[in-house]
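Q: Residue 305 in my numbering is what sits at position 305 of the sequence shown, and the numbering runs on without skipping anything. Even glycine gets a Cβ: it sits at the ideal position worked out from N, Cα and C. From a predicted model like this one, the values you see are computed outputs, not experimental measurements.
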Amino acid sequence: MLAESRSSAVLVWAGWLLLALFLRVGPTSALQRTQAVLQAGAGSVLSLLPTRNSSTGDPAATANFERLQAENRELARLAAELRAENEHLKQQAGFSLKNDNSLLEADCIPARILGIKGDPLSANLQFLINLGRRDGLNDAELVLTGEGLLIDQGRDLGLQPDQLITAGRALLGRTAQVGERTALVQPLTDPSFRMAIRIIRQSPLGPVEGPAGLLAGTGHGCRLDDVAATEAVAPGDDIYTDPLVSPAGVPVYCGRVSKAEVEPTASHWKIEVIPSNLLSPLPEHVTVLRGALNSQRMTVADPASGGRQSPVSP
């Protein structure tokens, strides 16, 4: 047995020696074919090694490794989404068409949401009614008919119907009814909500104004109407109020295009929009936007006072 193993070893070494001599002095064409065969054989052997190692490894360790790989992929996906959202918010914060030299400017009135009309009265709303009764006020002065959000500002602070309501920098709705001390807000997701808007596309050179349209509530979200099929629209485009319906012409962010489709024979796009505010959770504080005269424009130079600025009544 020992002699057979020694003879086998001698034959192996002799074979390797002959192969080395052949590779050293053999023809070029034969050398290339031989090298290709050896490389293919080595690749086949190496490809078998991971399979053998995985088959003989610990099943628990293999399962744990696969779980960690799946978690890493999920974390990488979430990180990419957060980076994209962060970049998008940075662009939103810098976008404004406000002109300091305009005659009108946006005036902001802070307000607080008292409750939701259409459902049973909330505890805060009922508490307000009780306080009003103690002070000699009746329910009609505090509670308006209809559905929507009730806020604690009204005609006593100059509120009027159809004024825009924002939560942060984004549109929440508009005033539908205004009482003496309260106002009813129609959310932008309300099925009867309509608002003229502009589509804004982000480009390497900055925001680019796109086509106009009509933002309509669907009850759970929003859609865009009256956007011609010849216009360029894509998911991810931003939606702003049209300057013609915005206080002082300053656009207000409304949401983002989530889906845009057009039939080959259709004349208009079918566009779905993710609204900026879905009322979940319900914001505690909101802002009423209204137009006001620019105080910087309401002064003129008085020649009699040596060029000093004097106020001018509107």
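(1) Within its chain, find whatever has a CB closer than 7 Å to the CB of Asp-58; leave out the 5 residues flanking it on each side and keep chain order.
(2) Give the secondary structure of Leu-78 by DSSP, where H, G and I count as helix, E and B as strand, and everything else as coil.
(3) I need the boundaries of the beta strand (DSSP E) containing Val-257, first residue and last residue.
(4) Excluding the 5 residues preceding and the 5 following Cys-222 in the sequence, name in chain order all residues of the same chain whose CB lies nearer than 7 Å to its CB.
(5) Restricting to runs no shorter than 3 residues, where is the beta strand (DSSP E) found entirely within the segment 206-239?
(6) Check each candidate in Gly-206, Pro-161, Asp-162, Gly-179 and name the one with the smallest Cα separation from Gly-154.
(7) Residue range of the beta strand (DSSP E) that Pro-204 falls in?
(8) Measure the C-alpha to C-alpha separation of Asn-64 and Asn-72 and round it to an integer number of angstroms.
(9) Mind checking whether Thr-175 and Pro-161 have CB atoms under 7 Å apart?
(10) Going by DSSP, which residues form a beta bridge with Gln-368?
(11) Return the CA-CA distance between Ile-116 and Leu-149, expressed in angstroms with no decimal places.
(12) Assuming contact is defined by CB atoms lying nearer than 7 Å, are Pro-247 and Ala-106 in contact in what I supplied?
(13) Can you give me the C-alpha to C-alpha distance between Val-262 and Gly-291, rounded to a whole angstrom?
(14) On the DSSP bridge assignment, give the partners of Val-250 in chain order.
(15) Below 7 Å CB to CB, which residues in the same chain sit around Leu-131 once its five sequence neighbours on both sides are set aside?
(16) Could you name the residues that DSSP lists as bridge partners for Val-286?
(17) Return the CA-CA distance between Gly-158 and Pro-204, expressed in angstroms with no decimal places.
(18) Does DSSP put Pro-275 in a helix, in a strand, or in coil?
(19) Measure the alpha-carbon distance for Ile-165 versus Ser-267 and round it to whole angstroms.
(20) Have a look at the DSSP bridge pairing and note the partners of Gly-291.
(21) Are the CB atoms of Asp-242 and Val-257 within a distance shorter than 7 Å?
(22) Measuring CA to CA, which of Ile-271, Arg-83, Arg-181 is closest to Ala-229?
(23) Please identify the residue among Leu-278, Ser-295, Ala-60 whose C-alpha is closest to the C-alpha of Ala-170.
(24) Grouping DSSP H, G and I as helix and E and B as strand, with all else coil, what is Leu-159?
(25) For Val-286, tell me which candidate among Leu-82, Glu-147, Gly-168, Ala-80 has the shortest Cα-Cα distance.
(26) Should Gly-210 go down as buried or exposed, given a rule of 16 or more other Cβ atoms within 10 Å for buried?
(27) Measure the alpha-carbon distance for Pro-207 versus Arg-198 and round it to whole angstroms.
(28) Under 7 Å, do Val-233 and Ala-260 count as touching if we go by C-beta distance?
A: Working from what's here:
(1) Translated into the one-based positions of the sequence shown, residue 58 becomes position 58. Around Asp-58: no qualifying Cβ.
(2) Taking the first residue of the sequence shown as 1, we reach residue 78 at position 78. Leu-78 falls in the helix class under three-state DSSP.
(3) Here the question's residue 257 lines up with position 257 in the sequence shown. Here the beta strand (DSSP E) through Val-257 covers 253-261.
(4) In the sequence shown, the residue the question calls residue 222 occupies position 222. Excluding sequence neighbours, Cys-222 sits near Leu-188, Thr-189, Leu-215, Ala-216, Gly-255, Val-273, Pro-275.
(5) 206-217, 222-225
(6) Start at 1 with the first residue of the sequence shown, and residue 154 comes out as number 154. Taking each of Gly-206, Pro-161, Asp-162, Gly-179 in turn and checking the Cα distance to Gly-154, the smallest one comes out for Gly-179.
(7) As a first step, residue 204 is located in the sequence shown; it is residue number 204 there, counting from the start. It is not in any beta strand (DSSP E) - Pro-204 carries neither H nor E in the DSSP assignment.
(8) Here residue 64 refers to the residue found at position 64 of the sequence shown. Here residue 72 refers to the residue found at position 72 of the sequence shown. Cα to Cα, Asn-64 sits roughly 12 Å from Asn-72.
(9) As a working mapping, residue 175 is identified with position 175 in the sequence shown. As a working mapping, residue 161 is identified with position 161 in the sequence shown. A contact, by the Cβ cut-off of 7 Å.
(10) In this structure the chain extends from 1 to 314, so residue 368 is not present and cannot be described.
(11) By one-based count along the sequence shown, residue 116 stands at place 116. By one-based count along the sequence shown, residue 149 stands at place 149. Note on geometry: alpha-carbon atoms of Ile-116 and Leu-149 lie some 5 Å from one another.
(12) As a working mapping, residue 247 is identified with position 247 in the sequence shown. As a working mapping, residue 106 is identified with position 106 in the sequence shown. The criterion of a C-beta distance shorter than 7 Å is satisfied by Pro-247 and Ala-106.
(13) To locate residue 262, count along the sequence shown from 1; it is residue 262. To locate residue 291, count along the sequence shown from 1; it is residue 291. Taking the straight line from one Cα to the other gives about 37 Å.
(14) On the sequence shown, residue 250 is found 250 positions in, with the first residue counted as 1. Note: Val-250 sits in no beta bridge, so no partner.
(15) One-based indexing of the sequence shown puts residue 131 at position 131. In this predicted model, Leu-131 has a pLDDT of only 48, less than 50, meaning its place in the structure is not dependable; the value taken from the coordinates is given anyway. Cβ within range, chain order: n/a, list empty.
(16) By one-based count along the sequence shown, residue 286 stands at place 286. According to DSSP, Val-286 bridges with Ala-111.
(17) Taking the first residue of the sequence shown as position 1, residue 158 is located at position 158. Taking the first residue of the sequence shown as position 1, residue 204 is located at position 204. Distance between the alpha carbons of Gly-158 and Pro-204: 42 Å.
(18) As a working note, residue 275 is residue 275 in the sequence shown. In the structure shown, Pro-275 sits in a strand (DSSP, three-state: E or B).
(19) Position 165 of the sequence shown, counted from the start, is the residue given in the question as residue 165. Position 267 of the sequence shown, counted from the start, is the residue given in the question as residue 267. Cα to Cα, the separation comes out at about 33 Å.
(20) Mapped onto the sequence shown, residue 291 falls at position 291. Answer is Ala-106, bridged to Gly-291.
(21) Mapped onto the sequence shown, residue 257 falls at position 257. Mapped onto the sequence shown, residue 242 falls at position 242. Cβ distance not < 7 Å, so Val-257 and Asp-242 don't count as in contact.
(22) As a first step, residue 229 is located in the sequence shown; it is residue number 229 there, counting from the start. With distances taken between Cα atoms, Ala-229 lies closest to Ile-271.
(23) Within the sequence shown, residue 170 is the residue found at index 170, counting from 1. Nearest of Leu-278, Ser-295, Ala-60 to Ala-170, Cα basis: Leu-278.
(24) As a working mapping, residue 159 is identified with position 159 in the sequence shown. Here Leu-159 sits in coil by DSSP.
(25) Along the sequence shown, one-based indexing puts residue 286 at 286. Taking only the C-alpha atoms, the option nearest Val-286 is Gly-168.
(26) Against the sequence shown, residue 210 aligns to sequence position 210. Per the 10 Å Cβ criterion, buried.
(27) The count along the sequence shown starts at 1 and reaches residue 207 at position 207. The count along the sequence shown starts at 1 and reaches residue 198 at position 198. Cα to Cα, the separation comes out at about 12 Å.
(28) Translated into positions along the sequence shown, residue 233 becomes position 233. Translated into positions along the sequence shown, residue 260 becomes position 260. Yes; because the gap between Cβ atoms is below 7 Å, this pair is in contact.
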